[in-house]
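End of the sequence shown sits at 406 in the UniProt record's numbering; the numbers just go up one at a time, nothing left out. Read the structure below first, then the notes.
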Amino acid sequence: MKNPNIVILGAGYGGIITAVKLQKSLGVNEANVTLVNKHSYHYQTTWLHENAAGTLHHDHTRIPIKDVINTSKINFVQDTVTEIKPSEKRVMLENGDLMYDYLVIGLGYEAATFGIPGLKEHAFTIGSINSARLIRQHIEYNFAKYNNEADKKQERLNIVVGGAGFTGIEFVGELANRVPQLCREYDIPREKVRIINVEAAPSALPGFDPELVEYAMNSLEGRGVEFKIGAMIKEVTENKLVFEKDEQREEIPTNTVVWAAGVRGNSLVEQAGFESNRGRTPVSDDLRPAGHDDVFIVGDCALLINEETERPYPPTAQIAIQMAEQTADNLTKLVKGDKHLEPFTPDLKGTVASLGHKDAIGVVFNDKKLFGWSASAMKKVIDNRYLLKLGGPGLVLKKGKLNFFQ
């Protein structure tokens, strides 16, 4: 009897943890495990806002896959997935194809633009190492250009962030740290630079604890961030953003719009014929979509309902990691002939949002609220704990945030 082929698509949190755990639980004589990713590295998605602002170099965020994957146990294929064919148990890549007995889909998210005119063409998104690097370079270019033009354009110094969810708030927090440095470097008065956060909901950080939201907004406004709350973005052009608030249309001159207000699952999952809700596929409690016992979906592409709230679990790194661990356990059972799979039960340990240098907010350990330095230290503990899980103490020493006072 031949060894089953397990194919894992994507080396984000869900895919890489599935692979790391399988290489410990299955021997090479039990299954052929293949991990497919378009880059040679995994990256800390939760650090991309720092890369985009320029407060953390992108090389620190990248982790070479071969540093955490044992290639004598896991076959790593660097390629781009172009199509999934469940009826043929086949995955099409740019440079070939792969047959599978079991498939794990962890292809991550895409930006959801909600049909806003010009957003796709003129706004940046914080979705990858390359897109984060592009934002950083674009902002620095505009600062450098400002004093080299006879007609100094304010649009170069107006940075607009669409969305005041976690990504948007964390990004403006980093910008609030970075902008004073850029002003000194490029001889620009700080008061000329505007950081503007536009959010359609009636509050920043919708659904988060009001006391923590108030702390976050006060902290950021104290460092020069402007908030436009209850403001719906209507259009983005090359040199302006148009929004509507209280039935009044306003324009902000800018050539830097960073969209952080919406994500959807990877469109390849939808195109494969799986049931889909904005690119996220409903899965049962063992993380398999209906009618596909040979497919597991983890992370941003999976839609799992929280029975207590009757709402989907949010697509967070924390849940993706836990989904991956459960999937690896269940795949190990299937390979060893055990058909009784364990249901996935999220263990939500809390949420922490960075506000920049030594500042953060969070809710951890049964609704304990954290503010300021203690929340910032907790964020580093969470990040380091993930690195320990992924690659052991060596990876923590190499990539971890070990100075809790910075």
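Glycine included, C-beta positions come from ideal geometry on N, C-alpha and C.
Residue i, buried or exposed, once every other Cβ within 10 Å from all chains shown has been counted against 16
{"i": "N306", "result": "exposed"}
{"i": "F402", "result": "For the sequence presented, residue 402 should be read as Leu rather than Phe. By the neighbour-count rule (16 or more Cβ atoms within 10 Å), L402 is not buried but exposed."}
{"i": "K228", "result": "buried"}
{"i": "K21", "result": "buried"}
{"i": "I151", "result": "It should be noted that the sequence gives Asp, not Ile, for residue 151. The residue in question, D151, is exposed, as its Cβ has fewer than 16 Cβ neighbours within 10 Å."}
{"i": "H340", "result": "exposed"}
{"i": "K192", "result": "exposed"}
{"i": "G127", "result": "buried"}
{"i": "A220", "result": "Correcting the residue type first, residue 220 is Leu in the shown sequence and not Ala. Counting Cβ neighbours within 10 Å, L220 comes out buried, since at least 16 surround it."}
{"i": "K379", "result": "buried"}
{"i": "Q154", "result": "exposed"}
{"i": "L390", "result": "buried"}
{"i": "M217", "result": "buried"}
{"i": "T327", "result": "buried"}
{"i": "Q271", "result": "exposed"}
{"i": "S276", "result": "buried"}
{"i": "T345", "result": "exposed"}
{"i": "W47", "result": "buried"}
{"i": "P189", "result": "exposed"}
{"i": "P315", "result": "buried"}
{"i": "D300", "result": "buried"}
Length of the line joining the Cα atoms of residue i and residue j
{"i": "I139", "j": "T256", "result": "7 Å"}
{"i": "N222", "j": "A261", "result": "The sequence given here places Gly at residue 222; Asn does not occur at that position. In a straight line, the C-alpha of G222 is about 23 Å away from that of A261."}
{"i": "S121", "j": "W259", "result": "For the record, residue 121 in the displayed sequence is Glu; it is not Ser. Roughly 11 Å separates the two Cα atoms."}
{"i": "N51", "j": "V161", "result": "15 Å"}
{"i": "K399", "j": "A317", "result": "17 Å"}
{"i": "N5", "j": "F114", "result": "38 Å"}
{"i": "D209", "j": "K89", "result": "45 Å"}
{"i": "P206", "j": "K358", "result": "23 Å"}
{"i": "D246", "j": "V36", "result": "48 Å"}
{"i": "E235", "j": "F124", "result": "14 Å"}
{"i": "G42", "j": "Q248", "result": "For clarity, residue 42 is His in the given sequence; the question names Gly instead. Approximately 44 Å between the Cα atoms of the pair."}
{"i": "Y102", "j": "E214", "result": "47 Å"}
{"i": "E94", "j": "H57", "result": "30 Å"}
{"i": "D294", "j": "P282", "result": "15 Å"}
{"i": "K240", "j": "P64", "result": "39 Å"}
{"i": "S72", "j": "I361", "result": "42 Å"}
{"i": "K349", "j": "K145", "result": "45 Å"}
{"i": "P253", "j": "I196", "result": "11 Å"}
{"i": "T351", "j": "G337", "result": "37 Å"}
{"i": "A375", "j": "L387", "result": "19 Å"}
{"i": "L182", "j": "F143", "result": "7 Å"}
{"i": "A176", "j": "L26", "result": "47 Å"}
{"i": "M62", "j": "G224", "result": "According to the sequence provided, residue 62 is Arg. The question's Met does not apply to it. Whole-angstrom Cα-Cα distance: 31 Å."}
{"i": "E250", "j": "A201", "result": "17 Å"}
{"i": "R156", "j": "G230", "result": "25 Å"}
{"i": "I116", "j": "V7", "result": "36 Å"}
{"i": "G54", "j": "K66", "result": "26 Å"}
{"i": "S284", "j": "G165", "result": "28 Å"}
Residues sharing a beta bridge with residue i, DSSP
{"i": "residue 419", "result": "Residue 419 cannot be examined here, being either before or after the span of the chain that is shown, 1 to 406."}
{"i": "A360", "result": "S354"}
{"i": "N277", "result": "R280"}
{"i": "V91", "result": "I84 and L98"}
{"i": "N63", "result": "Before going on, a small fix: residue 63 reads as Ile here, not Asn. According to DSSP, which records beta bridges pairwise, I63 is partnered with H42."}
{"i": "V263", "result": "A111"}
{"i": "F227", "result": "N197"}
{"i": "T125", "result": "W259"}
Three-way DSSP call (helix, strand, coil) for residue i in this model
{"i": "D97", "result": "strand"}
{"i": "K120", "result": "helix"}
{"i": "A302", "result": "strand"}
{"i": "I74", "result": "strand"}
{"i": "A111", "result": "strand"}
{"i": "N147", "result": "coil"}
{"i": "R136", "result": "helix"}
{"i": "N403", "result": "coil"}
{"i": "T256", "result": "strand"}
{"i": "Y102", "result": "strand"}
{"i": "E83", "result": "strand"}
{"i": "L390", "result": "helix"}
{"i": "residue 410", "result": "Any property of residue 410 remains undetermined from this structure, which presents the chain solely from 1 to 406."}
{"i": "K398", "result": "helix"}
{"i": "N130", "result": "helix"}
{"i": "K379", "result": "helix"}
{"i": "N3", "result": "coil"}
{"i": "E155", "result": "helix"}
{"i": "N384", "result": "helix"}
{"i": "L287", "result": "coil"}
{"i": "N366", "result": "coil"}
{"i": "E270", "result": "helix"}
is_contact[residue i, chain C] using C-beta, thresh 8 Å
{"i": "Q271", "result": "Among the protein chains of the structure shown there is no chain C, as only one such chain exists."}
Practice problem: Within the region 158-224, note down every full beta strand (DSSP E) run reaching 3 residues or more, in order along the chain. | Solution: 158-162 and 194-199
Exercise. Note down, one range per segment and in chain order, each beta strand (DSSP E) of at least 3 residues found wholly within the region 7-61.
Key: 32-37 and 41-43
Exercise. Quick one: which unbroken alpha helix (DSSP H) runs of 4-plus residues sit fully inside the region 294-339? Chain order, please.
Key: 317-335
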